[in-house]
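A.B. asks:
Numbering (full-length UniProt numbering), first residue to last: 1 to 68.
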């Protein structure tokens with residue numbers, strides 16, 4: 001197992017690395033202890049239309065959930 005000291009080194013991530021890893025967003029907290037990389041996928045139109053239809057069909061339930 002690798003020790004945390006060895007893992008705690010500066011790493012430079014280049015644009016081509018981000019493209020290769022399909023990384024779209026970087027979140028770095030103020031303490032700088034860890035950086036989270038997120039892959040933001042585009043929503044497929046079919047999935048979006050299905051979720052919109054479900055939300056519209058159950059709008060009354062969604063309103064109840066909002067006000068819990």
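Just so you know, even glycine gets a beta-carbon here, dropped at the ideal spot from N, CA and C.
As the structure is a prediction and not an experimental result, all values here were calculated from the model.
Please report the distance separating the alpha-carbon of residue 17 from that of residue 61.
C.D. replies: Going from the Cα of residue 17 to the Cα of residue 61 covers about 44 Å.
A.B. asks: On the DSSP letters alone, give me the boundaries of the alpha helix (DSSP H) that residue 60 sits inside.
C.D. replies: Per DSSP, residue 60 belongs to the alpha helix (DSSP H) from 59–66.
A.B. asks: Apart from the five residues just before and just after residue 56, which ones in its own chain have a Cβ nearer than 8 Å to its Cβ?
C.D. replies: Once the five neighbours on either side are set aside, residue 56 has no close Cβ partner at all.
A.B. asks: Distance, Cα to Cα, residue 49 vs residue 13?
C.D. replies: Going from the Cα of residue 49 to the Cα of residue 13 covers about 36 Å.
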